[in-house]
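Student: So the sequence shown is numbered by the working numbering: it starts at 215 and just counts up by one.
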Amino acid sequence: MRFVWLVLLAGCYDPNVECPLGRCDLLVSNSPDATSVGSILDAGIDAKLDASPQLPPTDAPPPTPCAPGCAGTCADGVCVITCIGNEACDEEVTCPLTGPCRVVCNGRKACKEGVRCGLGRCTVTCQGEDACHKRVRCESSCACDVTCGSDACKDEAVCPHPSCEAGDGCTSAPNNCNAC
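(1) For residue 278, count neighbouring C-beta atoms within 10 Å of its own C-beta (all shown protein chains included) and say buried if the count is 16 or more, exposed if not.
(2) Relative to the alpha-carbon of residue 391, which residue among 364, 382, 358 has its alpha-carbon at the smallest distance?
(3) Measuring CA to CA, which of 343, 314, 322, 341 is closest to residue 330?
(4) Drop a sphere of 10 angstroms on the beta-carbon of residue 344, count the other beta-carbons inside from all chains shown, and report buried for 16 or more, exposed for fewer.
(5) Locate the beta strand (DSSP E) running through residue 317, then write down its first and last residues.
(6) So, at 8 angstroms on beta carbons, what are the nonlocal neighbours of residue 322 in its own chain, with the 5 sequence-adjacent residues on each side left out?
(7) Which residues in the same chain have their Cβ closer than 6 angstroms to the Cβ of residue 339, if we skip the five residues on either side of it in sequence?
(8) Residue 288 by DSSP, collapsed to three states: which one?
(9) Applying the 10 Å Cβ sphere with the 16-neighbour rule, what's the burial state of residue 377?
(10) Thinking just about the alpha-carbon of each residue, which of 328, 349, 382 is nearest to the one in residue 364?
(11) Between which residues of its own chain and residue 294 is the CB-CB distance below 6 angstroms, once the five residues before and five after are set aside?
(12) Would you mind reading off the limits of the beta strand (DSSP E) that contains residue 338?
(13) Buried or exposed for residue 324, please, with buried defined as at least 16 other CB atoms from any protein chain shown within 10 angstroms of its CB.
(14) Along the chain, where does the beta strand (DSSP E) containing residue 358 start, and where does it finish?
(15) Distance check for residue 366 and residue 290, CA to CA, integer angstroms please.
(16) Going by alpha carbons, who is nearest to residue 327 out of 389, 305, 393, 320?
(17) Taking 6 angstroms as the limit between beta carbons, can you name the residues of its chain near residue 296, skipping five residues before and five after?
(18) Grouping DSSP H, G and I as helix and E and B as strand, with all else coil, what is residue 391?
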């Protein structure tokens with residue numbers, strides 16, 4: 215019978231009633247006629263509830279695709295081609311015709327047949343003995359940055375413009391070297 219009273223009293227609970235000290239206590243009677251006072255039952259809510267509905271998280275936008283012909287992985291729309299290790303890429307590394315491309319040649323003759331950039335922004339890093347054994351060609355790129363470590367580029371890179379040459383590599387820093 216006590217259970218029935220608890221269920222009935224719980225159904226009458228008004229959440230809009232403020233309770234002193236943030237707690238409400240409910241009197242429960244042990245007698246069937248509910249005329250005598252029984253033990254006190256703590257029916258208060260100890261934590262405030264947030265009435266605002268919780269919306270499901272929105273899906274993140276789909277990743278930006280890479281240009282067709284990317285032979286590597288795609289990272290936020292940039293084709294990333296990695297040749298790590300001695301003679302890791304034994305054919306010419308070719309970036310897609312359009313879109314940005316990043317090539318990493320790390321190791322002895324890692325990109326032994328060279329790198330050919332497309333029309334988009336191209337970044338090539340050569341590290342290791344003759345890592346870029348043959349030339350890096352980015353003369354058609356809208357911007358090109360080629361970094362050659364010590365003894366990494368046997369031949370100088372072919373840059374979009376002579377003013378873009380930087381040692382054995384290229385830079386897109388001068389104004390006329392960045393048309394992207």
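Yeah, the Cβ is synthetic: ideal placement off N, Cα and C, and Gly gets one too.
Tutor: Let me spell this out:
(1) Residue 278 should be labelled exposed.
(2) 358
(3) 314
(4) It counts as buried.
(5) 315–320
(6) Taken in chain order, the residues that qualify are 300, 301, 342, 343, 344, 345.
(7) 318, 361
(8) strand
(9) exposed
(10) Measuring from the Cα of residue 364, the nearest candidate turns out to be 382.
(11) 286, 287, 316
(12) 336–341
(13) Residue 324 is buried by the Cβ-count criterion.
(14) 358–362
(15) Pairing residue 290 with residue 366, the inter-Cα distance amounts to about 28 angstroms.
(16) Selection 389, 305, 393, 320 evaluated against residue 327 yields 305 as nearest (Cα-Cα).
(17) A distance below 6 angstroms between beta-carbons, with the five flanking residues on each side excluded, links residue 296 to the following residues of its chain, in chain order: 318.
(18) helix
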